[in-house]
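Here the sequence shown stands for residues 1 to 171, where the numbers follow full-length UniProt numbering. Since the structure comes first, as structure tokens, the remarks are kept for the end.
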Amino acid sequence: MKIVKFVSCLVFSCFVLIGCGGKEEKKKEGFTYEKTEEVKSVKEESNVETVVLVGTDLMKFDKAEIRVPAGKKIKLTLRHTGKMDINVMGHNFVLLKQGVDMAAFAGKAATSKDNNYIPKDAEQDIIAHTDLIGGGQTTSIEFDAPPAGTYDFLCSFPAHYMMMKGKFIVE
Numbered sequence: 001m002k003i004v005k006f007v008s009c010l011v012f013s014c015f016v017l018i019g020c021g022g023k024e025e026k027k028k029e030g031f032t033y034e035k036t037e038e039v040k041s042v043k044e045e046s047n048v049e050t051v052v053l054v055g056t057d058l059m060k061f062d063k064a065e066i067r068v069p070a071g072k073k074i075k076l077t078l079r080h081t082g083k084m085d086i087n088v089m090g091h092n093f094v095l096l097k098q099g100v101d102m103a104a105f106a107g108k109a110a111t112s113k114d115n116n117y118i119p120k121d122a123e124q125d126i127i128a129h130t131d132l133i134g135g136g137q138t139t140s141i142e143f144d145a146p147p148a149g150t151y152d153f154l155c156s157f158p159a160h161y162m163m164m165k166g167k168f169i170v171e
């Protein structure tokens, strides 16, 4: 009985192996195995400094200080890891020019709901800013690093700047 089972298993295994081999794979027209994604040149990638900043439902950024090299393009990604809606706990990133009074800017921003809390008359005070996002959302911006120095950044959603602020240091 054991010999019959062994022979049956052996025959079955041979059929499986024969059935799996010998077929030529047909490709759909226009299909290729080659990677078609464009690859950025090393030089281009080395000129971009990537920064990720996370905001939460607890009205906090995960960084109070961001350091970047001068002369680079900055790609800043803002992630809101909370769950609250944009109208309750919206976050953005606003990088102010040197010498701008953060409290005065935040006061103007609080009354600019129609422009996502970016005052229309204060564009000359801003180096860069992201869109306003709610819980679970992400946004990114790219901008050239300003000259070497220390700059303030904040979330301009009403009253958030008191806890959601920091220094952006260009070295």
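Ideal Cβ placement from N, Cα and C applies to all residues, glycine included. Here the structure is a predicted model, which is why all the values come from computation and not from measurement.
Asked: Rounded to a whole number of angstroms, what is the C-alpha to C-alpha distance between Gly134 and Phe157?; Found: 11 Å
Asked: Quick one: what's Tyr151 bridged to in DSSP?; Found: Phe168
Asked: On the DSSP letters alone, give me the boundaries of the alpha helix (DSSP H) that Lys108 sits inside.; Found: 102-110
Asked: By Cβ distance, which residues of its chain are closer than 6 Å to Glu25, with the 5 residues on each side in sequence left out?; Found: The pLDDT assigned to Glu25 is 49, lower than 50, so where the model puts this residue is not dependable, and the model offers no usable value.
Asked: Excluding the five sequence neighbours on either side, which residues of its own chain have a C-beta within less than 7 Å of the C-beta of Gly82, listed in chain order?; Found: Thr56, Asp57, Met89, Gly135
Asked: Kindly identify the DSSP beta-bridge partner or partners of Val88.; Found: DSSP output for Val88 lists no bridge partner at all.
Asked: One question on the structure: do Lys75 and Val54 come within less than 8 Å of each other, judged by their Cβ atoms?; Found: no
Asked: Tell me which same chain residues have a C-beta within less than 6 Å of the C-beta of Thr130, skipping the five on either side of it?; Found: Leu78, Asn92, Phe93, Thr139, Ile141
Asked: Got a sec, what are the start and stop residues for the beta strand (DSSP E) Ala128 sits in?; Found: 126-129
Asked: Output needed for Lys108: all residues of its chain with C-beta closer than 8 Å, excluding positions within five of it in sequence on either side, in chain order.; Found: Pro119, Asp121, Ala122
Asked: In whole angstroms, give me the CA-to-CA distance for Val51 and Lys97.; Found: 19 Å
Asked: Under the assumption that Tyr151 contacts Ile126 (Cβ atoms under 8 Å), give the Cβ distance between them as a whole number of angstroms.; Found: That belief does not hold up - the Cβ atoms of Tyr151 and Ile126 are roughly 11 Å apart, past 8 Å.
Asked: Run through DSSP, which three-state label would Lys113 get?; Found: helix
Asked: Where does Lys120 sit, in a helix, a strand or coil, going by DSSP?; Found: helix
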